[in-house]
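4 protein chains.
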Amino acid sequence: MTTGWIWHEAFNWHNTGNGSGFFPPGGFIQPYEAFDSPATKGRFAALVEVSGFDKQMKRLDATEVTDEEILRVHTADYLRRLKALDPTGGDAGENADFGPQGLRIARLAAGAVANAVRGVLSGEVSNAYALVRPAGHHAEPDRGRGYCILANTSIAARIAQEDFGIKRIAIVDWDVHHGNGTQKIFWEDPNVLTVSLHQDRLYPVDSGFREETGGPGAEGSVLNVPLPAGTGDGGYVRAVEHVVIPALQRFEPELIIVGSGMDAAVTDPLGRMMVTSDGFRRMSRLVIQAAAELSGGRLVFAHEGGYSAHYVPFCGMAVLEELTGVKSAVDDPYLVFFQNYPQRFIEPWQEEAIQQAALLARRVPVPVA
Amino acid sequence: MTTGWIWHEAFNWHNTGNGSGFFPPGGFIQPYEAFDSPATKGRFAALVEVSGFDKQMKRLDATEVTDEEILRVHTADYLRRLKALDPTGGDAGENADFGPQGLRIARLAAGAVANAVRGVLSGEVSNAYALVRPAGHHAEPDRGRGYCILANTSIAARIAQEDFGIKRIAIVDWDVHHGNGTQKIFWEDPNVLTVSLHQDRLYPVDSGFREETGGPGAEGSVLNVPLPAGTGDGGYVRAVEHVVIPALQRFEPELIIVGSGMDAAVTDPLGRMMVTSDGFRRMSRLVIQAAAELSGGRLVFAHEGGYSAHYVPFCGMAVLEELTGVKSAVDDPYLVFFQNYPQRFIEPWQEEAIQQAALLARRVPVPVA
Amino acid sequence: MTTGWIWHEAFNWHNTGNGSGFFPPGGFIQPYEAFDSPATKGRFAALVEVSGFDKQMKRLDATEVTDEEILRVHTADYLRRLKALDPTGGDAGENADFGPQGLRIARLAAGAVANAVRGVLSGEVSNAYALVRPAGHHAEPDRGRGYCILANTSIAARIAQEDFGIKRIAIVDWDVHHGNGTQKIFWEDPNVLTVSLHQDRLYPVDSGFREETGGPGAEGSVLNVPLPAGTGDGGYVRAVEHVVIPALQRFEPELIIVGSGMDAAVTDPLGRMMVTSDGFRRMSRLVIQAAAELSGGRLVFAHEGGYSAHYVPFCGMAVLEELTGVKSAVDDPYLVFFQNYPQRFIEPWQEEAIQQAALLARRVPVPVA
Amino acid sequence: MTTGWIWHEAFNWHNTGNGSGFFPPGGFIQPYEAFDSPATKGRFAALVEVSGFDKQMKRLDATEVTDEEILRVHTADYLRRLKALDPTGGDAGENADFGPQGLRIARLAAGAVANAVRGVLSGEVSNAYALVRPAGHHAEPDRGRGYCILANTSIAARIAQEDFGIKRIAIVDWDVHHGNGTQKIFWEDPNVLTVSLHQDRLYPVDSGFREETGGPGAEGSVLNVPLPAGTGDGGYVRAVEHVVIPALQRFEPELIIVGSGMDAAVTDPLGRMMVTSDGFRRMSRLVIQAAAELSGGRLVFAHEGGYSAHYVPFCGMAVLEELTGVKSAVDDPYLVFFQNYPQRFIEPWQEEAIQQAALLARRVPVPVA
Ligand SMILES: [Zn+2]
Ligand SMILES: [Zn+2]
Ligand SMILES: [Zn+2]
Ligand SMILES: [Zn+2]
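Top line first, the protein sequences correspond to chains Z, L, G and F. Last residue of the first sequence: 369 (UniProt numbering), numbering continuous. Last residue of the second sequence: 369 (UniProt numbering), numbering continuous. Last residue of the third sequence: 369 (UniProt numbering), numbering continuous. Last residue of the fourth sequence: 369 (UniProt numbering), numbering continuous.
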């Protein structure tokens, strides 16, 4: 059993512009860094190398997605606009800046997820983790949004469908923000189940409701699990157990892609959740088991957001240990503190939100014989 | 009416050691910055100057607290240890590092709060804001804790009692962490009411419970309001209205000191709360009104924690606008996003926690005739 | 005797764009900081405050220069372009970026130098130091150049001439780069002597030659002293003694302005000179003596470039000590190393360059009776 | 023909302590970064990857040097002290700090150079570049000095001698500082020629003189080429042509190791030299040609210092292009500016210093039949 691993140094070079938080500095906004700084992902990649854990995995290449691949998900007009912006950089839509010649980096990020999927489907690796920047799940067919330029995971899913003949795909997105782009792209596709666990009304503030369940002909193939701010390991693990896994069991996907955002982490500046490395570990374990039972083990983790440069590396290592089945030399030094937080247990109001979502999981479409 | 304002550039120089998050870098902890970086407070001070708002206030000096003043709160042994550590710097206790010759900066921070109190009590200013670093509310009589070296606010309260003959003082601490040091120092002092609003069991994980109500002869003078993670403007404002203000009304303080932590802010990496600049504004307004009614307006804000370098400046400006009664030229650019979050309303489980604390507020001691 | 001191926090906010060295990041240029980062000047200002040396000086305000004042030096077209750029920021000419709403900061920098001149000419202070960012000496009438937007010092000189009736002004610029803008602005003005000590052909590479001596009617009023790379304290002090002072003695200025660049410092990344804090101290002392003898002590230091965030603070303190005549509590910790460098002595090839320039000093115009 | 390439992410993690320039921050030294920051080398490694140039080379592993290998150069007492310091980190001697558990990183750096030598001597690769941090050439048998912990290059040379039976080795060190450690280690070894081109009396200030020519039995095997501050491409290329190459031709080494410091670069903050990427390219080309003629092409570049995070990447790419014989996609964007500097030509005083050193080159020992 081999786990594929993809990271490209260019992801550290993705340039979110001259950003200070969400804004260009100027007036009364002092110059500073964007929330989406290289450290938030580069430090995870660095820990994998420094700990030697990359030797436990098979390194796959990131290559750029082609125009043709982009156009499987995005509009021709959007691609034209991206190319026109590329020489100077700019905003691809709504808070989705990239720097001069930065389109290449977005292509590499999408290509990394695509190659992770190719690696798993071709049998070159058993499963895979693609650590990419920029993220992709907010990108919509016709615009970038929320630090996302190209819909990395969606493009990869289309490649799985069209180039590998994979019929049913589940995308499980536990980034703390709603996976609005993925949902929109597959809204009417009954063969792609999109599940999003996210903080209720964080971003985008007007989507991600349980009432959104899929378009005509694809009813039930969209499943939103909004959770109240403050949910920790207890609530997240329960949500995976009681909503995600049952949904997967009904859907019987041939491939599972996890939108592996880490901004539900307990020190994330944008999310307000309290997931520790142990929580990410247990959530991953559950999905790995489900993949083993349902999709022949075919499982790809594609990194999404996560803005705690301090803690993402340790959450990431926990996930990689589960994917590989190998214990690394790294121990999460924060865990001794975070595991005492009361949020290791579930609260009643979290249970309530999960049970509501669990009802929806029962309406996920089953395969047609 | 004049508001005093204190900040010293040396607070930007406070050196929390070679810290990476909570830890010294080494092994599998990559070098990085401590959560308590200069930007988290220096950017607030900078915005005050760049916006010209310092001209709306009276600048007071920070001067170092003397040994004698320190010893009103801390043990002689602890002061000796601090002096011995000073040449090289080191940890003053539990995660309370300071750099070479850094004791001077801790003395200036405590001295800044003391001078703010002196300014208000002498009538030089009507109220005051002391923006200081390091913070103070975790420091205990015999050791530093949690980024705090000296108990800034407690020393200032002792000065108010002993040098100005102020009898009854209320310290209202809305830093997201429990004000364990302040509580400990005044545990048996019925003349100092210490109120702490904080995230339930965040830090220290084993204190800040409602059951802690004060020592022998001072029953009811300690009031803890633990709130569930995820509480936002709605819950915080309600907690001030239903717990803090009634407690103050019973206690009838002659001086109110606010432990003005801003780590309950919605983008703080350590707290998990969702307070916006509008929430801090409304909480401040309530306390200002209470001071006007109860303590002859005598009110000092002493900065505690707050680790969102992006957002603290805008929360801080809102508080200063309330203290001065003057609108600045600065608008919080984030507010348009954050005000759509559902946490502007209170949730039932937050209401429940507040009502429990409200019961305790009724046991706060009233003045003895 | 009082020294005026000007610094404004907004100078730390000057935003040179999303710059990586001289370039916008993109392609094979990794995101990083511009050479002209806030730390290069902000750390000098910080040291002045932390050491308490600001109490030895009189703080003067920085106020924005008006359109009318700008137009005394710059073209109306250039001012129009600056205003048009202001909402988004952009390049004011050649490598002279500023951020959104950044024109205000450039106005404050020019206004700071103007106020320093006003303070000295009005007698409010004896002499003054204006620490400003952006710098000004490369800015030309119709465009920004080399990190300079407005010609700070030139505007101030025009104000001295026109508003205070000062007839003869000497501008002594020892920034390591050629003071091309200042030279151009006063090219035909026989009443302003512009002296530039700089590294031979560094920037602009095609100006700053000894052959440039002033325009029609102003022959000899421009004096360039190009020095070979590697010149240290020995050569610089000699150049001041043998060229600058004799030129000033001939010219008999009523006001001396020093273009106080610190990029001739021994650790500057852009200059290749080897001046230590002691060299800056001795150069300053010589000019202070000359001012005492020639211009009634009327002397203003206006900061120009200087890119060693580590060392500028200590060079700056040495200059301030000379201006005030007061020893600070700060010792340059680097001096023990740098004073052993052989460049504390002059080399023959440096002597040669100085002697060539000394010949020109003899042609500086004397006052007409 | 294949070039070996070694870089390890751990080199980015080397922790020079809580350093501000040369000093621990405290008192009047504001916290800041050490001159030897990760960016100074990590950005070179990053450019190699982002440009895809790593695919033109064969990646070799960095492995830790063993105690036994260290003891071939260093004293047992020094190794004991390093091990004792390792848990907390500390100063290995004189300005040679490392962080907790940092000895591993120093071992990896030395091991990287050793593996580069092994790769070349085994024929696995034709030549090699080891990009390492910390550097090594200042480390002496019994102590670290000047950012160097272990004598990377010297250990590798001993391995070449003892494990591969290489008799004669030349180490050509063009780091801007004197290679004092290397010189000391091989002072009495007539089979190792150590050549150091450096800025005259920069660091260490009391070594690197032409008069130092080797110990008893090894006269002429040490060759110092001190160059005056301000020397650029012209002088450096001439020094290689007129001193280094003739010395190599006399010595007839079987292996050449270049101490590839890049702090002679034109924007280095510590050096005062003016070498551009083109200068490093031409110097490398000359040594590559010499290796082809003299040592069967056996050539290893081991990175030493270099503190211009902006410019090192482009200097490094030029060297790699020469080693591989392949043009990369990267053009040095600074070159258009720097090539106009007058220092592309040699100055008479530089010529003089070179000619003095050339006389010494004639006394380099020739092989004994
Ligand atoms: Zn997210
Ligand atoms: Zn706190
Ligand atoms: Zn300059
Ligand atoms: Zn060096």
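Even glycine gets a Cβ: it sits at the ideal position worked out from N, Cα and C. Predicted model only: the values in this text are computed from it and were never measured.
Q. Between A135/G and ligand 3, is the CB less than 8 Å from at least one heavy atom?
A. What you label residue 135/G is simply residue 135 of the third sequence in a count that begins at 1. Answer for A135/G: yes, Cβ within range of ligand 3.
Q. Taking the continuous beta strand (DSSP E) assigned at D331/L, which residues delimit it?
A. In the second sequence, residue 331/L corresponds to position 331, counting from 1. Following the DSSP letters along the chain, one finds D331/L in no beta strand (DSSP E), marked with neither H nor E.
Q) In this structure, does DSSP put Y78/Z in helix, strand or coil? A) Numbered from 1 along the first sequence, position 78 holds the residue referred to as residue 78/Z. Helix.
Q. Quick one: does A202/Z have its CB under 9 Å from some CB of chain L?
A. Taking the first sequence and counting its residues from 1, one reaches residue 202/Z at position 202. The question names Ala, yet the displayed sequence has Leu at residue 202/Z. Cβ-Cβ to chain L under 9 Å: yes for L202/Z.
Q | Cβ-based contacts, 8 Å cut-off: residues of the stretch 258-278 of chain F near chain G | A | Taking a C-beta cut-off of 8 Å against chain G, the contacting residues of the stretch 258-278 of chain F are V266, T267, D268, P269, L270, R272, M273, M274, listed in chain order.
Q. Just how far apart, CA to CA, sit V222/Z and D268/Z?
A. As a position in the first sequence, residue 222/Z is number 222, starting the count at 1. As a position in the first sequence, residue 268/Z is number 268, starting the count at 1. The alpha-carbon atoms of V222/Z and D268/Z are separated by roughly 26 Å.
Q) If G261/Z sits next to G306/Z, beta carbons under 8 Å apart, how far is it from one beta carbon to the other, in whole angstroms? A) By one-based count along the first sequence, residue 261/Z stands at place 261. By one-based count along the first sequence, residue 306/Z stands at place 306. 6 Å between Cβ atoms; contact.
Q. Over what stretch of residues does the alpha helix (DSSP H) that includes N180/G continue unbroken?
A. Walking along the third sequence from the start, residue 180/G turns up at place 180. Here the alpha helix (DSSP H) through N180/G covers 180-185.
Q) From this set, Q339/L, I256/L, K55/L, A39/L, which residue's C-alpha is nearest A160/L's C-alpha? A) In the second sequence, residue 160/L corresponds to position 160, counting from 1. Comparing Cα-Cα distances from A160/L to each of Q339/L, I256/L, K55/L, A39/L, the minimum goes to I256/L.
Q.
My output table needs one value for D36/L: the three-state DSSP class, helix, strand or coil.
A. For the purposes of this step, residue 36/L is identified with residue 36 of the second sequence, where counting begins at 1. In this structure, D36/L counts as coil in the three-state DSSP scheme.
Q) If you draw a straight line from the C-alpha of H310/L to the C-alpha of T88/F, how long is it? A) Looking up residue 310/L in the second sequence gives position 310. Looking up residue 88/F in the fourth sequence gives position 88. Spanning the alpha carbons of H310/L and T88/F requires a straight line of approximately 33 Å.
**Q.** Collapsed DSSP secondary structure at Y311/Z in the structure displayed
**A.** Taking the first sequence and counting its residues from 1, one reaches residue 311/Z at position 311. Three-state DSSP puts Y311/Z in coil, outside helix and strand.
(Q) Along the chain, where does the beta strand (DSSP E) containing F301/F start, and where does it finish? (A) Indexing the fourth sequence from 1 puts residue 301/F at position 301. Run containing F301/F: 299-303, per the beta strand (DSSP E) assignment.
Q) Between V240/G and the rest of its own chain, which residues show a CB-CB distance below 6 Å, the 5 nearest in sequence each way excluded? A) Residue numbering aside, residue 240/G sits at position 240 when the third sequence is read from its first letter. Cβ within range, chain order: M283, L286.
Q: Alpha carbon to alpha carbon, how far is R107/L from A106/Z? Give it in angstroms, no decimals.
A: By 1-based counting over the first sequence, the position of residue 106/Z is 106. By 1-based counting over the second sequence, the position of residue 107/L is 107. If I take the Cα positions, the gap works out to 50 Å.
Q: Kindly provide the ranges of any alpha helix (DSSP H) runs that are 4 or more residues long and lie completely inside the stretch 189-269 of chain L, ordered along the chain.
A: Taken in chain order, the complete alpha helix (DSSP H) segments of 4 or more residues contained in the stretch 189-269 of chain L are 233-239, 245-251.
Q) Roughly how many angstroms separate the alpha carbons of Y32/G and G259/F, rounded to a whole number? A) Counting from 1 along the third sequence, the entry for residue 32/G is found at position 32. Counting from 1 along the fourth sequence, the entry for residue 259/F is found at position 259. So the alpha carbons of these two residues sit roughly 27 Å apart.
Q: Say yes only if the C-beta of D263/F is nearer than 8 Å to one or more non-hydrogen atoms of ligand 4, and no if none qualify.
A: Numbered from its first residue, the fourth sequence carries residue 263/F at position 263. With a cut-off of 8 Å, the C-beta of D263/F is classified as near ligand 4, since at least one heavy atom of the ligand falls inside that distance.
Q) Quick one, are the C-beta atoms of H137/F and H177/F less than 9 Å apart? A) The residue you call residue 137/F lines up with position 137 of the fourth sequence. The residue you call residue 177/F lines up with position 177 of the fourth sequence. A Cβ-Cβ contact shorter than 9 Å links H137/F with H177/F.
Q.
If I measure Cβ to Cβ from R133/L and keep anything under 7 Å in the same chain, skipping five residues before and after, which residues do I get?
A. The residue you call residue 133/L lines up with position 133 of the second sequence. These residues qualify, in order along the chain: F11, H14, K41, A109.
(Q) Using a Cβ-based criterion (distance less than 8 Å to any ligand heavy atom), does residue 370/F qualify as near ligand 4? (A) Nothing in the structure corresponds to residue 370/F, since chain F is present only between 1 and 369.
Q. Is the Cβ-Cβ distance between R140/Z and I185/Z less than 9 Å?
A. Taking the first sequence and counting its residues from 1, one reaches residue 140/Z at position 140. Taking the first sequence and counting its residues from 1, one reaches residue 185/Z at position 185. According to the sequence displayed, residue 140/Z carries Glu and not Arg. Against a cut-off of 9 Å, the Cβ pair of I185/Z and E140/Z comes out as a contact.
Q.
Any beta carbon of chain G sitting closer than 9 Å to that of G232/F?
A. Mapped onto the fourth sequence, residue 232/F falls at position 232. For G232/F, the answer is yes, since a Cβ of chain G falls inside 9 Å of its Cβ.
Q. Can you round the beta-carbon distance between H303/G and A130/G to whole angstroms, since I take them to be within the 8 Å contact cut?
A. Taking the first residue of the third sequence as position 1, residue 303/G is located at position 303. Taking the first residue of the third sequence as position 1, residue 130/G is located at position 130. With a Cβ gap of about 6 Å, H303/G and A130/G count as contacting.
Q | Outcome for S122/F when other beta-carbon atoms lying within 10 angstroms are tallied against a minimum of 16 | A | By 1-based counting over the fourth sequence, the position of residue 122/F is 122. Classification for S122/F: exposed.
Q | Residues near A329/G in its chain [Cβ-Cβ closer than 6 Å; skip 5 each side] | A | For this step, residue 329/G is matched to residue 329 along the third sequence. Closer than 6 Å at the Cβ level, and outside the excluded window around A329/G, lie S51.
Q) Per DSSP, N127/G forms a beta bridge with which residues? A) The residue you call residue 127/G lines up with position 127 of the third sequence. Per DSSP, T3/G, L299/G.
Q: Spell out a yes or no on whether the stretch 270-283 of chain L and the stretch 14-31 of chain G are touching, meaning 3 or more CB-CB pairs, one atom from each, closer than 8 Å.
A: Note that the stretch 270-283 of chain L does not touch the stretch 14-31 of chain G; fewer than 3 beta-carbon pairs, one per stretch, sit closer than 8 Å.
Q) Any chance the CB of D175/L is under 8 Å from a heavy atom of ligand 2? A) Position 175 of the second sequence, counted from the first residue, corresponds to residue 175/L. When distances are taken from the beta-carbon of D175/L to the heavy atoms of ligand 2, the shortest one is below 8 Å.
Q | M57/G, buried or exposed, once every other Cβ within 10 Å from all chains shown has been counted against 16 | A | Counting from 1 along the third sequence, the entry for residue 57/G is found at position 57. Buried, since its Cβ has 16 or more Cβ neighbours within 10 Å.
Q. For the beta strand (DSSP E) that contains A170/Z, what are its first and last residues?
A. For the purposes of this step, residue 170/Z is taken as the residue at position 170 of the first sequence. Following the DSSP letters along the chain, one finds A170/Z inside the beta strand (DSSP E) bounded by residues 169-173.
**Q.** CB contact flag (I169/F, P246/F, <9 Å)
**A.** Taking the first residue of the fourth sequence as 1, we reach residue 169/F at position 169. Taking the first residue of the fourth sequence as 1, we reach residue 246/F at position 246. Result no, Cβ atoms of I169/F and P246/F do not sit closer than 9 Å.
Q: List the residues of chain L whose Cβ lies closer than 9 Å to the Cβ of N340/Z, in chain order.
A: Taking the first residue of the first sequence as 1, we reach residue 340/Z at position 340. Within chain L, the residues R201, V205, D206 have their CB atoms less than 9 Å from the CB of N340/Z, given in chain order.
Q: Helix, strand or coil for R285/L, going by three-state DSSP, please let me know.
A: On the second sequence, residue 285/L is found 285 positions in, with the first residue counted as 1. R285/L: helix per DSSP, three-state reduction.
Q. Going straight from the alpha carbon of F209/L to that of G220/L, what length do you get?
A. Mapped onto the second sequence, residue 209/L falls at position 209. Mapped onto the second sequence, residue 220/L falls at position 220. Going from the Cα of F209/L to the Cα of G220/L covers about 13 Å.
Q. Among P25/G, V48/G, G4/G, which has the Cα closest to the Cα of C315/G?
A. As a first step, residue 315/G must be located in the third sequence, where it is residue number 315. Ranking the options by Cα distance to C315/G, first place goes to V48/G.
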